[in-house]
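Below is one structure; the comments refer to it alone.
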Amino acid sequence: MFETPEPHRTLKVLLGALVFTLGAQSIRFFFGSITWYMRDTLGFPTLQLVPVAVAPFLVALLLPLLTRRLTLRGALWTGVWMLIIARVVNQVADSPAVDLWSAGLGTFAFVGLLPLLLSMGRPPLVGGVLLGLTLDSALKGMNLSLDLAYQPGIPSLLVVLALALVTLYLFWVATPTERQGVTWGSGWLLMGIGPMLFFQFLILQNQGWTAEVSGTPGPQTQLRIALLNVVALIAVGWWERNRMAGLAALVVLVGALLVAEAGPVVFNLFSLLAVPAAALVWASLVPDTDRAGMGASTVYLTAGMFLFVVDRKSV
Numbered sequence: 021m022f023e024t025p026e027p028h029r030t031l032k033v034l035l036g037a038l039v040f041t042l043g044a045q046s047i048r049f050f051f052g053s054i055t056w057y058m059r060d061t062l063g064f065p066t067l068q069l070v071p072v073a074v075a076p077f078l079v080a081l082l083l084p085l086l087t088r089r090l091t092l093r094g095a096l097w098t099g100v101w102m103l104i105i106a107r108v109v110n111q112v113a114d115s116p117a118v119d120l121w122s123a124g125l126g127t128f129a130f131v132g133l134l135p136l137l138l139s140m141g142r143p144p145l146v147g148g149v150l151l152g153l154t155l156d157s158a159l160k161g162m163n164l165s166l167d168l169a170y171q172p173g174i175p176s177l178l179v180v181l182a183l184a185l186v187t188l189y190l191f192w193v194a195t196p197t198e199r200q201g202v203t204w205g206s207g208w209l210l211m212g213i214g215p216m217l218f219f220q221f222l223i224l225q226n227q228g229w230t231a232e233v234s235g236t237p238g239p240q241t242q243l244r245i246a247l248l249n250v251v252a253l254i255a256v257g258w259w260e261r262n263r264m265a266g267l268a269a270l271v272v273l274v275g276a277l278l279v280a281e282a283g284p285v286v287f288n289l290f291s292l293l294a295v296p297a298a299a300l301v302w303a304s305l306v307p308d309t310d311r312a313g314m315g316a317s318t319v320y321l322t323a324g325m326f327l328f329v330v331d332r333k334s335v
């Protein structure tokens, strides 16, 4: 993530982090809106909700295809603007229908942007996702795990607008080069993005879950998560290329998943190690990019996010 002096590396990481933050907010609101608006308010049967939930993730395949007509920068520009507009509309709208569609558009844009970010190299997808998790968790923790989209008022809107403006600035200065991607043989591990994000959102970054199982108060829990996210970023900076560290991290991560509902002592031990371990595992899943084209990275990342939907629906 930090090992070579590539121009604009830090800017690309920050761009990936803000895209992830806006996208994560859209995804959570989208699934919540499907549940309470379409199912509970409009009365749609559960089976009819499945195509709605899946659609933005599958249609997102179209966004990277724009590189053939608009160039990489044009496709990125389109996706970033779609994500920002959708997120701002979602923040200010007072119509449940508009909220649903804007969150769906934001989800589509975010998933479609993932292979485009990877085309800029590993930093936006490795460091960007991990820093984005840190920022996203911190923003939720400031209001007891309540997303900004559920917080009306000027302060929340100003935060969203600030995120949007900084994202646009970073995109403008972190100029992408030619299209890059991964090979079909090396890129299949990218499908781990969905299960990784599911595990992060459900357990590791979940203030409510951690507070309940560990028995610690909410503010202390949020501080703990924030500090562990910082440790995770440092761990990736030191050991992301170390295979033994990656294998050890995978063992810890599996152990944390198995004891997610265990008592406070066991859970505390594993969760303290699991956040840095998850970061190392994610870094090991993202291969180096080359000029192989974007086909493999587009298919694998979209398939991985589809697994995220499947995981959510199975809970």
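The numbering of the sequence shown is the working numbering, which starts it at 21 and goes up by one. For each residue, glycine too, the CB sits at the ideal point set by N, CA and C. Owing to the predicted nature of the structure, the values given are computational and were not obtained by experimental measurement.
Problem set entry | Length of the line joining the Cα atoms of L209 and N110 | 33 Å
For this session: Note down, in chain order, each residue of its chain lying with its Cβ closer than 7 Å to the Cβ of F128, except the 5 sequence neighbours on either side.
Result: P76, V79, A80
Exercise. Buried or exposed: which applies to D156, given that a residue is buried once 16 or more other Cβ atoms fall within 10 Å of its Cβ?
Worked result: buried
Problem set entry | Given 8 Å, three or more beta-carbon pairs between the segment 108–125 and the segment 136–143 | no
Exercise. Taking Cβ to Cβ, would you say L153 is nearer than 8 Å to Q240?
Worked result: no
Problem set entry | Whole-angstrom distance between R311 and P144, CA atom to CA atom | 17 Å
Exercise. When you compare each of T91, F50, I104, L188 to A117 by their alpha carbons, which one comes out closest?
Worked result: F50
Exercise. To which residues does DSSP link D310 through a beta bridge?
Worked result: G201
Problem set entry | Limits of the alpha helix (DSSP H) - the one that D156 falls within | 147–161
Exercise. With a cut-off of 8 Å, do at least 3 Cβ pairs link the segment 264–272 to the segment 185–195?
Worked result: no
Problem set entry | N- and C-terminal bounds of the alpha helix (DSSP H) containing Y189 | 174–193
For this session: Look up F64 in the DSSP assignment and say whether it is helix, strand or coil.
Result: coil
Problem set entry | L321 in three-state terms, based on DSSP | helix
Exercise. Where F22 and K32 are concerned, what is the direct C-alpha to C-alpha distance, given to the nearest angstrom?
Worked result: For F22, the predicted structure reports a pLDDT of 47, less than 50, and the residue's modelled location is therefore unreliable. The matter cannot be settled from this model.
Problem set entry | Top-ranked residue by Cα proximity to V329, from G63, D60, L69, A37 | L69
Exercise. By DSSP, does I223 sit in helix, in strand, or in coil?
Worked result: helix
Exercise. Assuming P215 and L327 make a contact with CB atoms under 8 Å, what is their CB distance in whole Å?
Worked result: 6 Å
Exercise. Pairing CB atoms from the segment 55–68 with CB atoms from the segment 88–105, are three or more of them under 8 Å?
Worked result: no
Problem set entry | Option in P71, P172, P84 with minimal Cα separation from G124 | P71
Exercise. Can you tell me whether DSSP reads A296 as helix, strand or coil?
Worked result: Rather than Ala, the amino acid found at residue 296 in this sequence is Pro. In this structure, P296 counts as helix in the three-state DSSP scheme.
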